[in-house]
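Engineer:
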Ligand code: NAD
Ligand code: UDP
């Protein structure tokens with residue numbers, strides 16, 4: 056074991072769980088810091104007997120004093136339903152959470168990675184999105200607590216880098232999916248799979264022509280670790296995602312086909328400020344990390360469907376009533 060201590064804030068969430076598993080396998084010691092807002096104990100139960108994994112229930116909006124070598128700052132609800140549930144807390148988590156994690160990194164001279172988001176581009180007028188695009192975000196809309204919180208966190212990361220010489224990595228994650236997503240978090244992949252597996256109506260928002268580019272979580276984890284381990288001159292911001300773009304209607308039809316479901320598509324109104332299109336340009340990640348996604352949508356969906364199916368069959372997650 057290499058003995059380096061890695062703090063993962065938001066470590067009991069969807070991405071944090073996969074990251075913990077991969078870093079434990081690489082020989083690191085993990086300190087998982089989470090307030091269980093959207094993460095669950097069930098997600099991390101497989102690690103609790105591992106002496107190299109430690110869980111700390113803590114809210115990152117409060118300062119934290121621990122000794123670590125690296126920090127992955129993932130703490131923040133990611134689904135629109137969850138981050139709009141308590142928007143003030145969402146902004147606090149992004150902004151105060153970043154300040155506290157950056158302050159900790161500065162004190163112990165740890166390398167720190169920020170899980171930023173494609174939402175910093177808002178409803179983009181440049182397509183596909185490159186890192187040099189400054190975005191088109193409504194600062195007062197219902198998504199702003201998340202988008203602007205993440206934008207401010209990026210500002211803080213770069214100011215700590217310039218002002219204090221901190222080693223930073225800023226990753227802009229595009230829509231990521233896979234096992235361990237929260238079954239009721241309202242994100243499109245988990246929603247459609249849960250609906251299809253129970254032969255319930257598939258809720259398509261708007262006309263379904265809006266697009267997203269979906270990255271399977273294993274591919275994303277590989278990129279996050281490669282970015283953290285890259286040369287100190289590589290700070291980002293760096294887009295991480297799968298550049299293959301699908302309409303949400305195509306996603307619905309694919310999920311229905313792969314599950315063999317009898318679900319029908321029903322139409323609901325499009326949420327305010329829902330971005331019309333989203334596709335990452337990943338040239339920078341290809342060049343600096345030698346990375347690109349390997350798992351395409353159908354394969355990733357099959358694995359995710361198998362996970363939710365098993366969870367439903369075994370009663371680990373409740374059926375919708
Ligand atoms: P998630 O909701 O499953 O995980 C977030 C975790 O943060 C949860 O365990 C939650 O309990 C924890 N958390 C929230 N507020 C906290 C607080 N104040 N203190 C401590 N812990 C707190 O979401 P995820 O999909 O795993 O996302 C992880 C990170 O990646 C987030 O920062 C998110 O913004 C970013 N991201 C995710 C995606 C995606 O498609 N999944 C896309 C872009 C960015
Ligand atoms: N969406 C949908 N039906 C659902 C959930 C989401 O049509 O049951 C749409 C949503 O309006 C958006 C896209 O799917 O256009 C992706 O939504 P998600 O909440 O997963 O993430 P976003 O990329 O919008 O943050």
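Residue numbers (our numbering): 56 to 376.
Positions of the beta carbon are idealized from the N, C-alpha and C atoms, including for glycine.
Note that this is a predicted model, so its numbers are computed, not measured.
(1) My output table needs one value for residue 245: the three-state DSSP class, helix, strand or coil.
(2) At which residue ranges does the stretch 310-350 contain complete alpha helix (DSSP H) runs of 4 or more residues, listed in the order of the chain?
(3) Checking 8 Å against the spacing of the C-beta atoms, do residue 360 and residue 306 come in under that value?
(4) Quick one: measure Cβ to Cβ for residue 174 and residue 202, integer angstroms, because I've assumed they're closer than 8 Å.
(5) Taking Cβ positions, are residue 129 and residue 170 nearer each other than 8 Å?
(6) Do residue 272 and residue 137 count as a contact pair if the criterion is CB distance below 8 Å?
(7) For the alpha helix (DSSP H) containing residue 300, list its first residue and its last residue.
(8) Go ahead and label residue 117 buried or exposed: buried means 16 or more other beta carbons lie within 10 angstroms of its beta carbon, across all protein chains shown.
(9) Identify every residue that forms a DSSP beta bridge with residue 64.
(10) Does the Cβ of residue 175 lie closer than 7 Å to at least one heavy atom of the ligand ZN?
(11) Can you tell me the Cα-Cα spacing of residue 327 and residue 199, whole angstroms?
(12) If you drop the 5 nearest sequence neighbours on each side, which residues of the same chain put their C-beta closer than 6 Å to that of residue 134?
(13) When the Cα atoms are used, what is the spatial distance from residue 195 to residue 147?
(14) Please classify residue 293: does DSSP put it in a helix, a strand, or coil?
(15) Considering only the beta carbon of each residue, do residue 231 and residue 333 sit closer than 8 Å?
(16) Regarding residue 311 and the ligand UDP, is the C-beta to nearest heavy atom distance less than 7 Å?
(17) CA-CA distance, residue 292 and residue 317?
(18) Compute the Euclidean distance between the alpha carbons of residue 274 and residue 119, then round it to the nearest angstrom.
(19) Using only the heavy atoms of the ligand UDP, determine whether one of them is closer than 7 Å to the beta carbon of residue 335.
(20) Where DSSP assigns a beta bridge to residue 225, which residues make up the other side?
(21) Measuring from the CB of residue 328, is there a heavy atom of the ligand NAD at a distance below 7 Å?
(22) According to DSSP, simplified to helix, strand and coil, what is residue 372?
(23) Per DSSP, residue 100 is paired with what?
Structural biologist: Looking at the atomic coordinates:
(1) The count along the chain shown starts at 1 and reaches residue 245 at position 190. Looking at residue 245 - three-state DSSP - the assignment turns out to be helix.
(2) As far as the stretch 310-350 is concerned, its whole alpha helix (DSSP H) runs of at least 4 residues are 338-344.
(3) By 1-based counting over the chain shown, the position of residue 360 is 305. By 1-based counting over the chain shown, the position of residue 306 is 251. For residue 360 and residue 306, no; Cβs fall outside 8 Å.
(4) By 1-based counting over the chain shown, the position of residue 174 is 119. By 1-based counting over the chain shown, the position of residue 202 is 147. The C-beta distance from residue 174 to residue 202 rounds to 4 Å, short enough to fall under 8 Å.
(5) Taking the chain shown and counting its residues from 1, one reaches residue 129 at position 74. Taking the chain shown and counting its residues from 1, one reaches residue 170 at position 115. Yes. Within cutoff.
(6) Here residue 137 is taken as the residue at index 82 of the chain shown, counted from 1. Here residue 272 is taken as the residue at index 217 of the chain shown, counted from 1. Going by C-beta atoms, residue 137 is not nearer than 8 Å to residue 272.
(7) If you number the chain shown from 1, residue 300 lands on position 245. Taken as a continuous stretch (DSSP letters only), residue 300 belongs to no alpha helix (DSSP H), being part of the beta strand (DSSP E) at 300-302.
(8) To locate residue 117, count along the chain shown from 1; it is residue 62. It is exposed - the Cβ of residue 117 has fewer than 16 other Cβ atoms within 10 Å.
(9) What you label residue 64 is simply residue 9 of the chain shown in a count that begins at 1. In the DSSP assignment, the residues bridged to residue 64 are 88 and 128.
(10) Among the ligands modelled here, namely the ligand NAD and the ligand UDP, the ligand ZN does not occur.
(11) Position 272 of the chain shown, counting from 1, holds the residue named residue 327. Position 144 of the chain shown, counting from 1, holds the residue named residue 199. Residue 327 and residue 199: Cα-Cα distance of roughly 11 Å.
(12) Taking the first residue of the chain shown as position 1, residue 134 is located at position 79. The residues are 240, 241 and 242.
(13) Within the chain shown, residue 195 is the residue found at index 140, counting from 1. Within the chain shown, residue 147 is the residue found at index 92, counting from 1. The straight-line gap from Cα to Cα measures roughly 16 Å.
(14) If you number the chain shown from 1, residue 293 lands on position 238. DSSP places residue 293 in the strand class (E or B) of the three-state scheme.
(15) Here the question's residue 231 lines up with position 176 in the chain shown. Here the question's residue 333 lines up with position 278 in the chain shown. Not closer than 8 Å, so no.
(16) In the chain shown, residue 311 corresponds to position 256, counting from 1. Because no heavy atom of the ligand UDP lies under 7 Å away, the Cβ of residue 311 does not count as near it: no.
(17) By one-based count along the chain shown, residue 292 stands at place 237. By one-based count along the chain shown, residue 317 stands at place 262. Rounded to the nearest angstrom, the two C-alpha atoms are 43 Å apart.
(18) The residue you call residue 274 lines up with position 219 of the chain shown. The residue you call residue 119 lines up with position 64 of the chain shown. Answer to the nearest angstrom: the Cα atoms are 31 Å apart.
(19) As a position in the chain shown, residue 335 is number 280, starting the count at 1. Remark: the C-beta of residue 335 is outside contact range of the ligand UDP, defined as less than 7 Å to any heavy atom.
(20) Locating residue 225 in the chain shown gives position 170, counting from the first residue. Looking at the DSSP assignment, residue 225 forms a beta bridge with 169.
(21) Taking the first residue of the chain shown as 1, we reach residue 328 at position 273. Distances from the CB of residue 328 to the heavy atoms of the ligand NAD are all 7 Å or more.
(22) As a working mapping, residue 372 is identified with position 317 in the chain shown. Residue state for residue 372 is assigned as coil, using DSSP reduced to three classes.
(23) Here residue 100 refers to the residue found at position 45 of the chain shown. Answer by DSSP bridge pairing: none, since residue 100 is not bridged.
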